[in-house]
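Colleague: Sharing a structure here in structure tokens format.
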DNA sequence: GATGAATGAGCGTTCATTCAT
DNA sequence: CATGAATGAACGCTCATTCAT
């Protein structure tokens with residue numbers, strides 16, 4: 001008895017997700033280059049050939065993995081600013097960012113690695129830029145709401161801090177003092193500091 | 201008649217440099233993995249086999265490329281702090297960093313790519329860490345001399361800013377507003393701001 | 401529709417056998433070193449890469465070839481001594497040995513070549529020694545049963561004769577008078593000679 | 601001041617000998633395939649290119665090495681038979697053979713390895729055959745002088761014994777009981793045994 | 001839809017040989 | 001005569017991709 005279209009669609013969706021999920025894990029753990037299609041097949045329990053029904057190539061799979069990751073990140077950060085107080089909003093974003101990096105450092109490492117590699121995935125650059133711009137705009141909001149001068153540049157600098165700290169952490173997870181730096185960054189972006197108390 | 205020792209040494213030095221230089225360019229442009237030994241040979245105009253007279257392996261070549269780069273960077277930054285005024289010192293370091301990234305963005309891109317890729321070169325992580333620590337210590341000096349509280353964390357944050365900004369620039373050279381950000385960072389680390397004038 | 405497990409097993413078995421067989425022929429004909437993986441692929445009509453699904457390396461393939469050969473030899477010689485009379489037993493072994501060398505001289509040649517080459521295959525030496533010792537022990541039995549003095553040394557000498565003759569034959573198949581030598585060896589190890597009739 | 605022709609000839613001869621000697625050592629120690637031309641150059645202290653002035657190729661060098669070895673062996677064995685008594689003559693040959701193998705097992709191992717390898721050196725087979733035949737003829741003499749029946753086959757068998765024993769020894773130098781086997785072979789070819797005393 | 005055996009281009013590397021000096 | 005840097009064909013091997021079932 002043939003399956004209904006819906007059943008087929010579900011089957012497809014499940015396989016696709018399984019591959020995507022498994023690839024994400026392995027790419028994150030071993031890096032894109034060192035992860036072979038066979039490894040993905042073994043890890044996910046599907047046949048090698050099947051991957052090519054869902055993704056045109058290994059590179060396309062990487063793209064899908066990164067798309068999924070970036071979408072996730074975009075969504076999480078979009079939901080970040082619930083605080084009405086702009087300084088608290090800022091603090092939330094900072095805290096959230098450093099939590100995210102701790103939760104799945106491997107994925108971020110993959111992202112960072114691909115991001116600096118020119119031309120590994122055609123067209124990915126643009127997407128990454130879109131994400132970056134979106135994040136920076138998110139970041140700009142609280143500065144603007146707090147009437148901080150030069151909100152755009154402030155956002156760029158905070159973005160750079162977060163980026164830089166996250167990357168240092170990812171590279172050197174055991175040693176990097178993420179807690180201390182988090183505290184320091186929060187202090188630097190506290191109401192007291194930003195509104196000009198004597199010491200920052 | 202055999203060549204003299206000096207002729208030989210010159211010949212060797214020239215070939216070695218040519219390979220190193222060409223490899224640097226290609227690694228930076230296409231990434232380590234996507235650059236094949238054949239490509240290096242073709243690009244530099246030497247035979248494939250010759251590379252192995254000067255470098256034990258493709259990996260050793262990468263190491264040499266990175267070592268050369270890191271040594272250069274370490275030296276430049278070590279000579280950065282000539283100003284007696286700690287705030288000027290800070291400004292010098294910031295300016296210099298952003299100049300360096302503009303001067304050879306390809307090399308930095310390669311460096312950033314390798315840095316987040318675990319295990320591409322055995323033992324390289326340690327070297328990179330040593331460099332990072334050295335740079336952070338350089339950065340700490342002016343904060344300390346300026347009697348800024350929590351100099352260590354301040355250095356970490358400034359380091360993150362520079363790292364983050366440089367990486368953004370490298371990824372998106374044409375669009376990233378490096379000038380504006382430089383100015384903003386300099387303002388943020390000016391005497392006026394750090395010693396607590398009303399607005400930062 | 402995926403193949404059934406049995407179909408798969410058959411497919412695999414056929415490929416494996418084909419590679420093993422082809423490798424045996426080429427190794428025997430050209431020697432291990434001069435036989436390239438490409439040659440084996442071309443000769444057997446399979447793709448180069450496929451070999452590595454069945455054998456971990458070219459060396460592993462050689463090992464498999466030799467193991468298969470040695471196992472065969474060990475089994476054949478183990479079944480050699482069916483005669484109740486020790487002298488007839490001896491004669492059977494001698495005849496059988498010289499028959500075997502005629503039946504597959506190439507395989508023996510490969511075996512002899514590898515045997516004198518130290519370190520071509522790690523750990524193979526021990527296996528070869530085990531086989532040698534086993535064969536010598538086989539050889540010792542009839543001497544002992546015939547109450548010949550110094551059976552151990554007699555076995556060593558007969559072993560050397562067989563080895564020496566086989567090797568000469570293999571090197572120079574067209575010219576070496578294997579028949580005549582076989583007859584002479586049989587005479588030397590006949591009951592009459594061994595039990596001390598006037599002439600040997 | 602130009603050198604005289606004779607001086608040049610001596611220079612040539614010395615270089616040639618040096619290469620030949622060094623190659624022999626390395627071929628014997630590591631085997632032909634595993635010895636690179638560079639290794640020979642380093643070992644002998646001459647330039648790589650120089651080898652090609654004296655030998656057309658690495659293979660030609662091997663040929664020369666083996667020629668030299670075979671010639672040496674032929675000469676030694678030719679001088680072996682000084683005893684007037686044919687049985688003593690036989691004993692001398694046997695003893696000498698087993699001494700030779702102990703003196704330079706590496707060289708013999710090289711010889712054995714090349715000998716069973718088809719086509720490694722073009723035309724070498726014939727030379728080896730010539731040597732074999734010469735040695736067998738040497739061996740035949742005492743049998744004939746002792747009026748042993750079937751001297752030709754007896755020589756073939758003794759030749760096989762020596763060959764087999766030497767090879768076993770070479771393969772397994774530390775374990776093979778060369779002394780005991782030597783004694784046993786000498787006993788087997790003693791006057792008493794050959795002329796038909798009761799036990800062999 | 002799913003399987004995994006099969007393919008073959010391309011990789012990093014070695015090394016006998018050549019050649020400018 | 002002697003040197004050793006330079007060459008490039010060939011090696012063993014990997015792995016993204018295809019295809020028969």
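Chains as they are written, first to last, in the numbering used here: chain A, 1 to 200; chain B, 201 to 400; chain C, 401 to 600; chain D, 601 to 800.
Glycine included, every Cβ here is placed at the ideal spot set by N, Cα and C.
(1) For residue 107 of chain A, I'd like the list of residues in its chain whose CB is within less than 8 Å of its CB, leaving aside the five on either flank, ordered along the chain.
(2) So which residues of chain A does residue 312 of chain B contact, with C-beta pairs closer than 7 Å?
(3) Please list the residues of the segment 433-444 of chain C that have a C-beta atom closer than 8 Å to any C-beta atom in chain D, keeping them in chain order.
(4) State the DSSP-derived secondary structure class of residue 79 of chain A, mapped to helix, strand or coil.
(5) Roughly how many angstroms separate the alpha carbons of residue 42 of chain A and residue 439 of chain C, rounded to a whole number?
(6) Nearest CA to the CA of residue 831 of chain D: which residue from D:679, D:633 and D:781?
(7) Out of D:606, D:771, D:790 and D:619, state which residue places its alpha-carbon closest to the alpha-carbon of residue 701 of chain D.
(8) Can you find a C-beta in chain C that's less than 8 Å from the C-beta of residue 784 of chain D?
(9) List the residues of chain A whose Cβ lies closer than 7 Å to the Cβ of residue 418 of chain B, in chain order.
(10) Could you tell me the alpha carbon to alpha carbon distance between residue 600 of chain C and residue 734 of chain D, rounded to whole angstroms?
(11) Applying the 10 Å Cβ sphere with the 16-neighbour rule, what's the burial state of residue 732 of chain D?
(12) Measuring only between beta-carbons, confirm whether residue 109 of chain A sits less than 8 Å from chain B.
(13) Since residue 27 of chain A is in the alpha helix (DSSP H), which residue starts that stretch and which ends it?
(14) Hey, is residue 502 of chain C's beta-carbon within less than 8 Å of any beta-carbon in chain D?
(15) For residue 111 of chain A and residue 194 of chain A, I'd like the C-alpha separation in whole angstroms.
(16) CA-CA distance, residue 680 of chain C and residue 786 of chain D?
(17) For residue 768 of chain D, which option in C:527, C:516, C:568 and C:575 has the closest C-alpha, if you only look at C-alpha atoms?
(18) Measuring only between beta-carbons, confirm whether residue 58 of chain A sits less than 8 Å from chain B.
(19) Whole angstroms are fine: how far does the CA of residue 67 of chain A sit from the CA of residue 12 of chain A?
(20) The alpha helix (DSSP H) with residue 791 of chain D in it runs from where to where?
(21) In the segment 740-775 of chain D, which residue ranges form an unbroken alpha helix (DSSP H) of at least 4 residues, counting only runs that do not cross its ends?
(22) Work out the CA separation of residue 88 of chain A and residue 79 of chain A for me, nearest whole Å.
(23) Please tell me whether residue 590 of chain C has its Cβ less than 8 Å away from any Cβ of chain D.
(24) Taking residue 183 of chain A as part of the alpha helix (DSSP H), name the residues at either end of that continuous run.
(25) Is residue 116 of chain A helix, strand or coil by DSSP?
(26) Excluding the five sequence neighbours on either side, which residues of its own chain have a C-beta within less than 7 Å of the C-beta of residue 435 of chain C, listed in chain order?
(27) Distance, Cα to Cα, residue 650 of chain D vs residue 419 of chain C?
(28) Using a cut-off of 9 Å between C-beta atoms, extract the partners of residue 168 of chain A located in chain B.
(29) Taking only beta-carbon atoms, is residue 78 of chain A less than 8 Å away from chain B?
(30) Which chain A residues are close to residue 321 of chain B, counting only those with a beta carbon under 7 Å from its beta carbon?
(31) Excluding the 5 residues preceding and the 5 following residue 283 of chain B in the sequence, name in chain order all residues of the same chain whose CB lies nearer than 6 Å to its CB.
(32) Please tell me whether residue 215 of chain A and residue 313 of chain B are closer than 8 Å, where the distance is taken between their beta carbons.
(33) Which residues, in chain order, does the segment 680-700 of chain D contribute to contact with chain C at a C-beta distance below 8 Å?
(34) Please return the same chain residues whose Cβ sits closer than 7 Å to the Cβ of residue 454 of chain C, not counting the five positions on each side in sequence.
Modeller: On the basis of the coordinates in this document:
(1) Within the same chain, and ignoring the five residues on either side of residue 107 of chain A in sequence, the residues whose Cβ sits closer than 8 Å to its Cβ are 24, 28 and 69.
(2) Per Cβ cutoff of 7 Å: 116.
(3) If the cut-off is 8 Å between Cβ atoms, the segment 433-444 of chain C has 433 and 434 near chain D.
(4) Collapsing the DSSP output to three states places residue 79 of chain A in coil.
(5) Going by the C-alpha atoms only, they are around 31 Å apart.
(6) There is no way to answer for residue 831 of chain D, as the model of chain D reaches only from 601 to 800.
(7) It is D:771.
(8) Answer yes: the Cβ-Cβ gap between residue 784 of chain D and chain C drops below 8 Å somewhere.
(9) Absent from the model: residue 418 of chain B. The displayed extent of chain B is 201 to 400, so no value can be given.
(10) Model confidence at residue 600 of chain C stands at a pLDDT of 39, short of 50, so the residue's coordinates are unreliable; what they give is reported in the following sentence. Each residue's CA atom was taken as its position, placing residue 600 of chain C and residue 734 of chain D some 25 Å apart.
(11) For residue 732 of chain D, the number of other beta carbons within 10 angstroms of its own is at least 16, and it is reported as buried.
(12) Answer yes: the Cβ-Cβ gap between residue 109 of chain A and chain B drops below 8 Å somewhere.
(13) According to the DSSP assignment, residue 27 of chain A belongs to the alpha helix (DSSP H) that extends over 5-30.
(14) Not an interface residue.
(15) Using only the alpha carbons, I get a separation of about 32 Å.
(16) Any property of residue 680 of chain C remains undetermined from this structure, which presents chain C solely from 401 to 600.
(17) It is C:516.
(18) With its beta carbon at least 8 Å from every one in chain B, residue 58 of chain A lies outside the interface.
(19) About 19 Å.
(20) Bounds of the alpha helix (DSSP H) holding residue 791 of chain D are 791-794.
(21) Runs of the alpha helix (DSSP H) lying entirely within the segment 740-775 of chain D and spanning at least 4 residues, in chain order: 751-771.
(22) Taking C-alpha positions only, residue 79 of chain A is separated from residue 88 of chain A by approximately 14 Å.
(23) It does not; no Cβ of chain D falls within 8 Å.
(24) Start and end: 178-188.
(25) Coil at residue 116 of chain A, not helix or strand.
(26) Closer than 7 Å at Cβ, skipping near neighbours: 426 and 427.
(27) In a straight line, the C-alpha of residue 650 of chain D is about 42 Å away from that of residue 419 of chain C.
(28) Result: 332, 356, 359, 360 and 363.
(29) Contacts with chain B at 8 Å (Cβ-Cβ) do not include residue 78 of chain A.
(30) Under the 7 Å cutoff, chain A gives no residues; its nearest Cβ is about 13 Å from residue 321 of chain B.
(31) Same-chain partners within the cutoff: 289 and 292.
(32) Residue 215 of chain A lies beyond the stretch modelled for chain A, which goes from 1 to 200, so this question has no answer here.
(33) Against chain C - using a Cβ distance shorter than 8 Å - the segment 680-700 of chain D contributes no residues.
(34) Cβ contact annotation for residue 454 of chain C (same chain, cutoff 7 Å, sequence separation greater than five): 415, 416 and 419, in chain order.
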